[in-house]
Each structure stands twice: as structure tokens, then as C-alpha cells.
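Written out below as C-alpha cells is the structure these notes cover.
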Amino acid sequence: MSDVVKVISITEEAYDTKTFEFQWDEKASPGQFIMVWVPGMEEIPMSLSKTNRIKSITVKKIGKDTERLHGLGLGDSIRIRGPYGNGFDLKKNKNMLIIGGGVGTAAVIPVIKETGADTIIGARTDKDVIMDDVAGQYAKNLWIATDDGSRGFHGNVVQLMREKIQEKRYDTVLACGPEIMQYYLYKACVELGTDCQLSLERHMKCGAGVCGCCVMDEMRVCRDGPVFTKEQISRMKDFGTSKRDEAGRIIKIR
Ligand SMILES: Cc1cc2nc3c(=O)[nH]c(=O)nc-3n(C[C@H](O)[C@H](O)[C@H](O)COP(=O)(O)OP(=O)(O)OC[C@H]3O[C@@H](n4cnc5c(N)ncnc54)[C@H](O)[C@@H]3O)c2cc1C
Ligand code: FES
265 MSDVVKVISI TEEAYDTKTF EFQWDEKASP GQFIMVWVPG MEEIPMSLSK
315 TNRIKSITVK KIGKDTERLH GLGLGDSIRI RGPYGNGFDL KKNKNMLIIG
365 GGVGTAAVIP VIKETGADTI IGARTDKDVI MDDVAGQYAK NLWIATDDGS
415 RGFHGNVVQL MREKIQEKRY DTVLACGPEI MQYYLYKACV ELGTDCQLSL
465 ERHMKCGAGV CGCCVMDEMR VCRDGPVFTK EQISRMKDFG TSKRDEAGRI
515 IKIR
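Structure representation (C-alpha cells):
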């Protein structure tokens, strides 16, 4: 089942990233995603960066389909399916640290809004930082890390996470971002004895557990994830190593 929604607002988050808001009454939870299509593109997965009645997607332009979405204007229609996936498990009374890397920050914004937990946002440079304004309104503490030191902590989110975990006890880390970042984040959590939930990405076609193109070891990322526990990730041989492109070719991550 798909729905057609209309774009009701567009926000420029960075030179290459835009948020498109639309009204959609379907119930959704933080960390879930939708499949998005407009004429002239392949259908692609996008996390929900707002999960209430007014929902949004935050799109980084990296290729032909995301470029097509960037061409949308106010009032334009988008065909969507979903929401899909499990989302983050937001158990109460857990002291959480939320981490967003690059455009992965969009997927954790609803988690920050719901929990108000301490948050780290990371990006390559100051001009790549997105959604720090909204994160700052809800997070108890917000720290920014940039690879080149042009803003906040000079280094990556994993280095900053290590510092914060030394200063204060966190029961669990919730993260979304590039897989290489999440790989080192996972290794640090294992070393520090901190629990984690990570939102992973694989090439997707159906988004609903049918086609098998997003399989990682025995898991379907679209249906069993995209959020996986530390224990599930510990059994994934592909995690942080390789993934497949739209033609099924293996791409090395590390
Ligand atoms: C569950 C899920 C949620 C997602 N949520 C978001 C989101 O909220 N916002 C967002 O902007 N994107 C998100 N993505 C990624 C998004 O779907 C892809 O960026 C998009 O499909 C790329 O399409 P394209 O045609 O523009 O680029 P393509 O032409 O397919 O790719 C252009 C180039 O980028 C590379 N590439 C493709 N995908 C990725 C990737 N994910 N990371 C790094 N390089 C890549 C390709 O190998 C190619 O070299 C999500 C993906 C998944 C699986
Ligand atoms: S995208 Fe088809 S099974 Fe996951």
C-alpha cells in the first residue's frame, strides 16, 4: 500500500541536504524509514526525521535519485510506502547517549525529541553539520565533533564518545551514521562494556522483507532492522567490511 503526500515545507539543512515536510497520519516510531518515489527516479529508502502527524525526510544529494528529490518544490507530490523497520528501542530509565554522523543525524532526531538524552553530532566540517538547531532544543547536552576541527571537538564522534563515557556513565549508545563510523563505535562499546543500538544501511528494493537484496548474514536489514542490538551485530560478518550495490556487486567498506 502506498500513499501520495504533498510537500508542505522545505528546509536547507546544509549545501547538499534538504528536509521535506509532509502531512501523513500513519503511525511511526523513531528510527523507522519509508520508501520514497517520484516520477523519474528509482524508489529509495529514507529515514523519517519527524515521526508525528507532520513527518519529514532529510535528503543528502549524492546521486541521481537524491538529486531528483532535491528538485521537489512546495506542493509537489511524493509517493511513499511504510513506515518500515523496527526503530530504536527506547526503554525508560536508561541513561542514553545518542550519536548522529553525517546525514544519519536525521534518523536520530526523533529519538532526541522523545528522550531529551545527551547527544553527539558529527560531520566532516562545520558546513556539513546538520540539524544541530533542533537537536539543541531537545538534548540535555549537545556536543559537536568535526573531523577538521572547524567546529566543536576536533576529531570523530567515536573519539568524543570515549571522552564522554569516561566522564559519565551511559547504559546505552544509540547511533546512526556511515557504517565505518558505526564499526569503530561498536568496537569502542565492546571495549568499554557499554550497550548499543545501531541503525544500519543496505541497498533496498522492496523495503518489506520480500526481495532479499538487503540481507546481511541471516538478517534482512529492512525487516529485522534497520536498528540492531550489540548482540545481533556481534554475529554479523559483513558489518563494517562489505556491502552490495544495486547490481549485487560487493563494495568494500574497510
Ligand atoms: C534504511 C535506510 C535509511 C536511509 N535514510 C536516509 C536519509 O534519511 N537520508 C539520506 O539522505 N539517505 C538515506 N539513506 C540512503 C539513501 O537511500 C541513498 O543515499 C540513496 O538511495 C542514494 O540514491 P542515489 O540514486 O541518489 O545515489 P546512487 O546513484 O545510488 O549513488 C551515488 C553514489 O553514492 C554511493 N552510495 C549510494 N548509497 C550510499 C550510501 N548510503 N552511503 C554512501 N554512499 C552511497 C553509490 O555507491 C554511488 O557511488 C537511507 C538508506 C537506508 C537503507
Ligand atoms: S529490501 Fe527487500 S528484503 Fe529488504
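Residue numbers (this note's numbering): 265 to 518.
All C-beta atoms, glycine included, are put in the ideal place defined by N, C-alpha and C.
Let me check one thing: in DSSP terms, what residues is residue i bridge-paired to?
{"i": "residue 287", "result": "318"}
{"i": "residue 451", "result": "Looking at the DSSP assignment, residue 451 forms no beta bridge with any residue, so it has no partner."}
{"i": "residue 275", "result": "283"}
{"i": "residue 460", "result": "437"}
{"i": "residue 494", "result": "DSSP, once it has assigned bridges, lists no residue as partnering residue 494."}
Once the 5 residues before and after residue i are set aside, which same chain residues still bring their CB inside 6 Å of it?
{"i": "residue 311", "result": "297, 370, 371"}
{"i": "residue 421", "result": "363, 365, 384, 386, 409"}
Within its chain, find whatever has a CB closer than 7 Å to the CB of residue i; leave out the 5 residues flanking it on each side and keep chain order.
{"i": "residue 287", "result": "269, 272, 317, 318"}
{"i": "residue 266", "result": "343, 344, 345"}
{"i": "residue 399", "result": "373, 376, 383, 385, 406"}
{"i": "residue 444", "result": "504, 517, 518"}
{"i": "residue 475", "result": "469"}
{"i": "residue 334", "result": "282, 323, 325"}
{"i": "residue 416", "result": "407, 408, 409, 410"}
{"i": "residue 380", "result": "402, 403, 404"}
{"i": "residue 509", "result": "467, 515"}
{"i": "residue 289", "result": "317"}
Could you tell me whether any non-hydrogen atom of ligand 2 is closer than 6 Å to the CB of residue i?
{"i": "residue 484", "result": "yes"}
{"i": "residue 349", "result": "no"}
{"i": "residue 480", "result": "no"}
What do you reckon, is the C-beta of residue i under 6 Å from a heavy atom of ligand 1?
{"i": "residue 311", "result": "yes"}
{"i": "residue 324", "result": "yes"}
{"i": "residue 221", "result": "This structure leaves residue 221 out entirely; the chain is present only between 265 and 518."}
{"i": "residue 367", "result": "yes"}
{"i": "residue 472", "result": "no"}
{"i": "residue 329", "result": "yes"}
{"i": "residue 500", "result": "no"}
{"i": "residue 425", "result": "no"}
Checking contacts by CB at 7 Å: is residue i closer than that to chain C?
{"i": "residue 318", "result": "Included in the structure is just one protein chain, with no chain C present."}
Margin query: Does the stretch 336 to 350 come into contact with the stretch 430 to 438, if we say contact requires no fewer than three beta-carbon pairs (one atom in each stretch) closer than 8 Å?
Written below: Under the 8 Å Cβ criterion, the stretch 336 to 350 does not count as touching the stretch 430 to 438, having fewer than three qualifying pairs.
When the Cβ atoms of the stretch 485 to 504 are set against those of the stretch 440 to 458, are three or more pairs found closer than 8 Å? In short, these stretches touch, since the Cβ pair count reaches three.
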